[in-house]
Amino acid sequence: MVTIAVLAIIAALAAPSFQSMRDNQKLKLSLMEMRTGIQQGRSRAIIARSPTVVCPDTVAEVTCGANIANYASLSQSQKDDSVLRPVIDDSVTIKSGSVDHFIFNPQGITVSGTITLCSGNKSVSLTVNGPGVITQTDGGVC
(Lines of atoms letter the chains of each structure in order from A and count residues from 1; the text may use other names and numbers.)
(Lines give C-alpha, C1' and ligand atoms only; values in the text may rest on other atoms or scores of the structure.)
Protein backbone atom coordinates (compact mmCIF):
# COMPACT_ATOMS: atom_id res chain seq x y z
CA MET A 1 0.00 0.00 0.00
CA VAL A 2 2.78 2.40 0.86
CA THR A 3 4.46 1.69 -2.48
CA ILE A 4 1.26 2.44 -4.36
CA ALA A 5 0.80 5.67 -2.41
CA VAL A 6 4.39 6.75 -3.19
CA LEU A 7 3.89 5.95 -6.89
CA ALA A 8 0.65 7.94 -6.92
CA ILE A 9 2.40 10.96 -5.39
CA ILE A 10 5.26 10.74 -7.91
CA ALA A 11 2.79 10.43 -10.80
CA ALA A 12 0.84 13.44 -9.55
CA LEU A 13 4.03 15.50 -9.42
CA ALA A 14 5.20 14.37 -12.87
CA ALA A 15 1.89 14.94 -14.70
CA PRO A 16 2.08 18.76 -14.96
CA SER A 17 5.69 18.54 -16.10
CA PHE A 18 4.75 15.99 -18.76
CA GLN A 19 1.89 18.18 -20.01
CA SER A 20 4.23 21.16 -20.24
CA MET A 21 6.71 19.05 -22.21
CA ARG A 22 3.94 17.97 -24.63
CA ASP A 23 2.79 21.59 -25.09
CA ASN A 24 6.36 22.68 -25.83
CA GLN A 25 6.79 19.87 -28.37
CA LYS A 26 3.55 20.79 -30.16
CA LEU A 27 4.65 24.42 -30.26
CA LYS A 28 8.05 23.46 -31.70
CA LEU A 29 6.46 21.27 -34.39
CA SER A 30 3.99 23.99 -35.36
CA LEU A 31 6.81 26.53 -35.44
CA MET A 32 8.87 24.29 -37.74
CA GLU A 33 5.86 23.80 -40.03
CA MET A 34 5.24 27.54 -40.23
CA ARG A 35 8.92 28.35 -40.83
CA THR A 36 9.18 25.70 -43.55
CA GLY A 37 5.93 26.93 -45.14
CA ILE A 38 7.23 30.49 -45.29
CA GLN A 39 10.49 29.32 -46.88
CA GLN A 40 8.62 27.16 -49.39
CA GLY A 41 6.24 30.01 -50.19
CA ARG A 42 9.11 32.32 -51.03
CA SER A 43 10.81 29.66 -53.17
CA ARG A 44 7.57 28.80 -54.96
CA ALA A 45 6.90 32.48 -55.76
CA ILE A 46 10.36 32.86 -57.30
CA ILE A 47 10.25 29.58 -59.25
CA ALA A 48 6.68 30.06 -60.54
CA ARG A 49 7.19 33.79 -61.07
CA SER A 50 3.82 34.46 -59.53
CA PRO A 51 2.54 35.68 -56.15
CA THR A 52 2.29 33.09 -53.40
CA VAL A 53 0.55 33.49 -50.06
CA VAL A 54 1.34 31.54 -46.88
CA CYS A 55 -1.28 31.27 -44.12
CA PRO A 56 -1.55 28.88 -41.18
CA ASP A 57 -4.16 26.17 -41.73
CA THR A 58 -6.40 27.93 -39.22
CA VAL A 59 -7.19 30.39 -42.03
CA ALA A 60 -9.55 29.03 -44.70
CA GLU A 61 -7.98 28.47 -48.12
CA VAL A 62 -10.39 30.86 -49.84
CA THR A 63 -9.70 33.56 -47.23
CA CYS A 64 -5.97 33.00 -47.56
CA GLY A 65 -6.07 33.07 -51.36
CA ALA A 66 -8.17 36.23 -51.38
CA ASN A 67 -5.00 38.09 -50.35
CA ILE A 68 -3.71 37.60 -53.92
CA ALA A 69 -5.02 39.94 -56.62
CA ASN A 70 -7.40 38.21 -59.06
CA TYR A 71 -7.41 34.98 -57.02
CA ALA A 72 -11.02 34.21 -57.97
CA SER A 73 -10.15 34.19 -61.69
CA LEU A 74 -7.29 31.68 -61.33
CA SER A 75 -7.67 28.05 -62.39
CA GLN A 76 -7.82 25.47 -59.61
CA SER A 77 -4.23 24.34 -60.25
CA GLN A 78 -3.04 27.95 -60.11
CA LYS A 79 -4.93 28.43 -56.86
CA ASP A 80 -3.35 25.27 -55.43
CA ASP A 81 0.12 26.46 -56.45
CA SER A 82 -0.32 29.96 -55.08
CA VAL A 83 -1.58 29.11 -51.57
CA LEU A 84 0.42 27.32 -48.86
CA ARG A 85 -1.20 26.48 -45.52
CA PRO A 86 1.26 24.97 -43.00
CA VAL A 87 -0.48 22.77 -40.42
CA ILE A 88 -0.60 24.23 -36.92
CA ASP A 89 -1.46 21.87 -34.04
CA ASP A 90 -4.97 22.36 -32.64
CA SER A 91 -3.56 23.16 -29.19
CA VAL A 92 -1.41 25.98 -30.61
CA THR A 93 -3.03 29.38 -31.11
CA ILE A 94 -2.01 32.47 -33.02
CA LYS A 95 -1.69 35.55 -30.87
CA SER A 96 -4.24 38.24 -31.53
CA GLY A 97 -2.66 41.06 -33.51
CA SER A 98 -0.23 38.76 -35.33
CA VAL A 99 -0.24 38.72 -39.11
CA ASP A 100 -2.13 35.73 -40.48
CA HIS A 101 -0.51 35.65 -43.91
CA PHE A 102 2.65 36.45 -45.85
CA ILE A 103 2.38 37.30 -49.55
CA PHE A 104 5.52 36.80 -51.63
CA ASN A 105 5.73 38.56 -54.99
CA PRO A 106 7.41 36.89 -58.01
CA GLN A 107 10.80 38.18 -56.78
CA GLY A 108 10.33 36.54 -53.36
CA ILE A 109 9.77 39.82 -51.52
CA THR A 110 7.12 40.23 -48.81
CA VAL A 111 5.91 42.94 -46.48
CA SER A 112 7.63 42.53 -43.10
CA GLY A 113 5.45 40.98 -40.44
CA THR A 114 5.42 38.90 -37.27
CA ILE A 115 3.34 35.87 -36.39
CA THR A 116 3.28 34.67 -32.78
CA LEU A 117 2.38 31.08 -31.92
CA CYS A 118 1.22 30.30 -28.37
CA SER A 119 0.86 27.08 -26.42
CA GLY A 120 0.12 27.05 -22.72
CA ASN A 121 2.10 29.89 -21.19
CA LYS A 122 4.85 29.85 -23.83
CA SER A 123 5.07 31.77 -27.08
CA VAL A 124 7.40 31.97 -30.06
CA SER A 125 7.41 34.70 -32.71
CA LEU A 126 8.57 34.46 -36.30
CA THR A 127 9.44 37.78 -37.90
CA VAL A 128 9.79 37.79 -41.68
CA ASN A 129 11.46 40.79 -43.28
CA GLY A 130 11.12 41.99 -46.87
CA PRO A 131 13.54 39.60 -48.58
CA GLY A 132 12.11 36.66 -46.61
CA VAL A 133 14.70 36.33 -43.85
CA ILE A 134 13.08 34.69 -40.81
CA THR A 135 14.03 35.62 -37.24
CA GLN A 136 12.76 33.60 -34.28
CA THR A 137 12.11 35.16 -30.87
CA ASP A 138 11.23 32.98 -27.88
CA GLY A 139 9.13 34.17 -24.98
CA GLY A 140 6.57 36.84 -24.53
CA VAL A 141 3.01 36.85 -23.32
CA CYS A 142 0.07 35.47 -25.27
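Mind the numbering: the sequence shown is residues -22 to -1, 1 to 120 in mature numbering (1 follows the signal peptide of the UniProt record, and there is no 0), read in order. Quick reminder that beta carbons are idealized off the backbone N, C-alpha and C, glycines included. Every value quoted in this text rests on a predicted model; they were computed, and no experiment measured them.
My guess is that glycine 110 and threonine 94 are in contact by the Cβ rule of under 8 Å, so how many angstroms apart are they, rounded?
-> With a Cβ gap of about 18 Å, glycine 110 and threonine 94 do not count as contacting.
Stretch pair the stretch 37 to 48 + the stretch 83 to 100: three plus CB contacts closer than 8 Å | no
What did DSSP end up calling threonine 105 once you bin it into helix, strand or coil?
-> strand
Meets three-Cβ-pair contact criterion under 8 Å: the stretch 17 to 36 and the stretch 60 to 73 | yes
Since glutamine 114 sits in a beta bridge, which residues does DSSP pair it with?
-> Leu104
What is the DSSP secondary structure of glycine 91, reduced to helix, strand or coil?
-> strand
Can you grab the Cα-Cα spacing for the pair isoleucine 66 / asparagine 83, in whole Å?
-> 24 Å
What is the residue span of the alpha helix (DSSP H) that threonine 41 lies within?
-> 39 to 43
Pairing CB atoms from the stretch 47 to 56 with CB atoms from the stretch 13 to 24, are three or more of them under 8 Å?
-> no
Simplified DSSP state of isoleucine 66, which is helix, strand or coil = coil
Coarse secondary structure for serine 60, derived from DSSP in three states = helix
Distance between alanine 50 and serine 101 (C-alpha atoms, nearest Å) | 35 Å
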